[in-house]
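Below: one structure, written as structure tokens.
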Amino acid sequence: MGWVKETLRTPGESHRMFRMNSTMFHNLHDLLVSTYGLKSTTHMSTFEALPLFLYVCGGCHSNRGVQNRFKHSGGTISRKFDLVLHSLVKMSKDFVRPKDPNFSTVHDRIRNDRRMWLHFKDCIGAIDGTHILATVKPEDVIRYIGRSGSTTQNVMAVCDFDMCFTYASIGQPGAMHDSVLYHALVADKDVFLHPPEGKYYLADVGYPNRPGYFSPFKGQRYHVPDFRRGVAPSGEKEKFNHLHSSIRNVIERTFGVWKMKWRILLKMPSYPLYKQKMIVAATMALHNFIREHGMTDKHFRRFDWSPNYVPTIPTRYRKYIISQDASDSSTSSTSGRSMDKFRDDLAKAIA
Numbered sequence: 001m002g003w004v005k006e007t008l009r010t011p012g013e014s015h016r017m018f019r020m021n022s023t024m025f026h027n028l029h030d031l032l033v034s035t036y037g038l039k040s041t042t043h044m045s046t047f048e049a050l051p052l053f054l055y056v057c058g059g060c061h062s063n064r065g066v067q068n069r070f071k072h073s074g075g076t077i078s079r080k081f082d083l084v085l086h087s088l089v090k091m092s093k094d095f096v097r098p099k100d101p102n103f104s105t106v107h108d109r110i111r112n113d114r115r116m117w118l119h120f121k122d123c124i125g126a127i128d129g130t131h132i133l134a135t136v137k138p139e140d141v142i143r144y145i146g147r148s149g150s151t152t153q154n155v156m157a158v159c160d161f162d163m164c165f166t167y168a169s170i171g172q173p174g175a176m177h178d179s180v181l182y183h184a185l186v187a188d189k190d191v192f193l194h195p196p197e198g199k200y201y202l203a204d205v206g207y208p209n210r211p212g213y214f215s216p217f218k219g220q221r222y223h224v225p226d227f228r229r230g231v232a233p234s235g236e237k238e239k240f241n242h243l244h245s246s247i248r249n250v251i252e253r254t255f256g257v258w259k260m261k262w263r264i265l266l267k268m269p270s271y272p273l274y275k276q277k278m279i280v281a282a283t284m285a286l287h288n289f290i291r292e293h294g295m296t297d298k299h300f301r302r303f304d305w306s307p308n309y310v311p312t313i314p315t316r317y318r319k320y321i322i323s324q325d326a327s328d329s330s331t332s333s334t335s336g337r338s339m340d341k342f343r344d345d346l347a348k349a350i351a
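For the sequence shown, counting from 1, position 171 maps to 171 in the UniProt record's numbering; every step adds exactly one.
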């Protein structure tokens, strides 16, 4: 407990060890205790259990390393980690969702940019998939091997322009193509968060262009780095793609800061698969809590300063990275004619 208190009194150390400042930590602690069932036990108080969880997820420390730091047995460490994990998963149900389910107002990022406001005022966020390394049973390995050759869980998520997750499908096998997962989700209207009529999410070229899901032109340069390395966009389709990509990259940046802050996502321990899925949900809840309660958080600050910033992963974690090119990007021939016409008309207007 002495180390926890000292760390919380030191702003830089609190952020480095627990991934948040002291004020935010106390707010989170009180919320988990008052609303989401986190309780002290004989062996450890909630005031020590929460830092333990944040320390493990923020730095991907081994059980042995955590034992040495917190001076508790391996069994106690595991039990307390699980108690906090369950509380955060409960919290995720309230925090990983839109602030305004009706999307009645246009986000300031769109409203304050003339071109975005003129052409994308009905956009309410972005949708994409990412892969998280997973440890699975031998009989499940083939189902979970993604195109990178590693076993992964495929996570499909939606975010808003505050870089908060508003929906997530967690734990699908890594071998499942994004397009297959997408079609399965949108068919289930009781589970998936469909955009209201007239609104849409931005998607990349791996998704069909249909009402509610606005994808770019295929066969054209698209990603922002493609334009940095070459000539400026030319022609209607490239100019449309460039603007589309500059707005849609909010989901890539959201995934980036989420993984940068919670490094357990880069090197998932050999927990049971259900627990690995719970960690994904818990860290998404933490991500949103921090963003909503601390817009000046250190890890988010660089993203706010530079709209196109993508984080650099620390060297010791790079061997665990699944390249963006390795993620599934299957295309679909399904396309909404109304959205195709909308895209064509918008491309002409942008050009």
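No residue lacks a Cβ here, since even glycine has one placed at the ideal position from N, Cα and C.
Among the options, nearest to residue i - alpha-carbon criterion
{"i": "W262", "options": "K71, N21, V56 and G219", "result": "V56"}
{"i": "G212", "options": "F342, F47 and R19", "result": "F342"}
{"i": "L118", "options": "V106, P173 and H223", "result": "V106"}
{"i": "P138", "options": "G146, D128, T151 and R147", "result": "T151"}
{"i": "S179", "options": "G206, L202 and L88", "result": "G206"}
{"i": "E197", "options": "L85, T296, L133 and C123", "result": "C123"}
{"i": "L38", "options": "M91, G2 and S22", "result": "M91"}
{"i": "L202", "options": "G125, D344 and A184", "result": "G125"}
{"i": "G59", "options": "M260, P173 and K237", "result": "M260"}
{"i": "K267", "options": "F120, H86, F25 and Q153", "result": "Q153"}
{"i": "R299", "options": "H15, I110 and M156", "result": "The displayed chain sequence assigns His, not Arg, to residue 299. With distances taken between Cα atoms, H299 lies closest to H15."}
{"i": "F120", "options": "M17, S73 and K199", "result": "K199"}
{"i": "V257", "options": "R301, S73, F18 and S78", "result": "R301"}
{"i": "residue 363", "options": "A347, F255, F95 and E292", "result": "Because the chain in this structure spans residues 1 to 351, residue 363 falls outside the shown range and cannot be described."}
{"i": "V155", "options": "D304, V280, K348 and G75", "result": "V280"}
{"i": "D160", "options": "T254, L85, R69 and R114", "result": "T254"}
Residue burial classification, residue i (beta-carbon count within 10 angstroms, cutoff 16)
{"i": "Q324", "result": "At Q324 the pLDDT is 45, less than 50, meaning the model places this residue with poor confidence and gives no usable figure here."}
{"i": "E252", "result": "buried"}
{"i": "P101", "result": "exposed"}
{"i": "E238", "result": "buried"}
{"i": "I127", "result": "buried"}
{"i": "R19", "result": "buried"}
{"i": "N209", "result": "buried"}
{"i": "M1", "result": "exposed"}
{"i": "M284", "result": "buried"}
Straight-line gap, residue i to residue j (C-alpha atoms, nearest Å)
{"i": "P248", "j": "P195", "result": "Inspection of the sequence shows that residue 248 is occupied by Arg rather than by Pro. Spanning the two alpha carbons is a distance of roughly 16 Å."}
{"i": "L265", "j": "T130", "result": "11 Å"}
{"i": "D82", "j": "Q276", "result": "11 Å"}
{"i": "S40", "j": "T46", "result": "5 Å"}
{"i": "G149", "j": "F53", "result": "30 Å"}
{"i": "L273", "j": "A175", "result": "15 Å"}
{"i": "E48", "j": "T10", "result": "16 Å"}
{"i": "N241", "j": "P216", "result": "6 Å"}
{"i": "K93", "j": "G146", "result": "28 Å"}
{"i": "residue 352", "j": "T42", "result": "As shown, the chain starts at 1 and ends at 351. That puts residue 352 outside it, with no answer to give."}
{"i": "L346", "j": "S234", "result": "15 Å"}
{"i": "Q172", "j": "R69", "result": "34 Å"}
{"i": "D344", "j": "I77", "result": "57 Å"}
{"i": "R64", "j": "R79", "result": "14 Å"}
{"i": "S104", "j": "F214", "result": "19 Å"}
Tell me whether the region 288-300 and the region 157-176 touch, counting them as touching only if at least three CB pairs, one residue from each stretch, are closer than 8 Å. The region 288-300 is in contact with the region 157-176.
Please go through the region 48-127 and give each complete alpha helix (DSSP H) segment of 4 or more residues, from N-terminal end onward. Unbroken alpha helix (DSSP H) stretches of 4 residues or longer found wholly inside the region 48-127: 63-70, 74-95, 108-111 and 114-120, given in chain order.
Every unbroken alpha helix (DSSP H) inside the region 236-287 [4 residues or more]: You should have 250-261.
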